[in-house]
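Residue numbers (full-length UniProt numbering), protein chains in the order written: chain A, 1 to 79; chain B, 1 to 146.
The block underneath contains the structure these notes are about, expressed in structure tokens.
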Amino acid sequence: MKLKIQYFALLKDQRGLDKETVDSEANTPESLYAELVAMHGFTLPQSALKVAVNDDFSSWGQALKEGDNVVFIPPVAGG
Amino acid sequence: MSDNATDSFLISSEPLQLEALKQHLLDAHAGALATFEGWVRNHNEGQAVEQLEYSSYPALANKEGQRIVEEAFQKFDIDAAIARHRVGLLPIGGIAVWVGVSAAHRGAAFDACRYIIEEIKGRVPIWKKEYYSSGATDWINCHQRA
């Protein structure tokens, strides 16, 4: 299914893109991130990230559906 | 990005207008105003910093920031609260974040102000890239030198 991904901060630098649409077999954010790590060599482990689906925080095991917008959130550093 | 007085928290790509923000907190019931300003400093962990770049995931950052301010209203006896966080390139001395809380009494104003800034730092999807005098850069908290 097609999934939209937005990248921020270190992930954006490592991907060289701020967003893309992927055709993925992954049915959860956890398996999607594992796919992306294998493809792009992201250095942040899943344990350092949070994930958002359709602009709200989500669990790693949530079922993804066609057209979902997924964002992997690196450790935050506001202030 | 234009500022809207009805939003308790907003990401802003423009310099923060402190006097205008303070106007949102005026309340005849309030006897105290506590504010916090986060400034860009010229050093971090032993390295000389030249400037900072903040970026955010605005769709979620604004929601989460507004949730934090709502929580402050539930936890503390306050009259008004507002917070703003900058994104973009900021020079040394620039104001990166501003929190203001008015309340009948100073204790609740201080406590709520501190709660809001601590939660913003811990939860809101905002990232900080430091530009060092050496020419190197680093995304803070991402544990990787580039």
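Ideal Cβ placement from N, Cα and C applies to all residues, glycine included.
From what residue to what residue does the alpha helix (DSSP H) around residue i run?
i: Ser31(A); result: 29-40
i: Lys22(B); result: 18-23
Do the CB positions of residue i and residue j come within less than 8 Å of each other?
i: Ala104(B); j: Asp77(B); result: yes
i: Leu10(A); j: Leu32(A); result: no
i: Glu70(B); j: Val124(B); result: no
i: Gln66(B); j: Asp7(B); result: yes
i: Trp98(B); j: Leu33(B); result: no
i: Ser102(B); j: Ala96(B); result: no
i: Ile120(B); j: Ala59(B); result: no
i: Ala81(B); j: Ile116(B); result: yes
i: Pro75(A); j: Ala34(A); result: no
i: Gly100(B); j: Gly79(A); result: no
i: Ile73(A); j: Tyr132(B); result: no
i: Glu50(B); j: Leu89(B); result: no
i: Asp56(A); j: Asn69(A); result: no
i: Val53(A); j: Gln6(A); result: no
Along the beta strand (DSSP E) that carries residue i, what are the first and last residues, could you check?
i: Glu20(A); result: 19-23
i: Asp138(B); result: 137-139
i: Lys128(B); result: 126-132
i: Gln6(A); result: 2-6
i: Lys50(A); result: 50-53
i: Leu33(B); result: 32-39
i: Asp56(A); result: 56-58
i: Leu10(B); result: 9-12
Which term fits residue i, buried or exposed, when burial requires 16 or more other beta carbons within 10 angstroms of its beta carbon?
i: Arg145(B); result: Residue placement at Arg145(B) is flagged as unreliable, the pLDDT there being 42, under the threshold of 50; the coordinate-derived value follows with that caveat. Counting Cβ neighbours within 10 Å, Arg145(B) comes out exposed, since fewer than 16 surround it.
i: Lys50(A); result: buried
i: Ala77(A); result: buried
i: Pro15(B); result: exposed
i: Lys128(B); result: buried
i: Arg106(B); result: exposed
i: Ala136(B); result: exposed
i: Glu130(B); result: buried
i: Arg86(B); result: buried
i: Pro45(A); result: exposed
i: Asp79(B); result: buried
i: Leu17(A); result: exposed
i: Ala20(B); result: exposed
i: Ser13(B); result: exposed
Quiz item: Can you list the beta strand (DSSP E) stretches of 3 or more residues lying completely in the stretch 53-123 of chain B, in chain order?
Solution: 80-86, 88-91, 95-103
Quiz item: Do the stretch 43-61 of chain A and the stretch 7-19 of chain B make contact, defined as three or more Cβ pairs closer than 8 Å?
Solution: no
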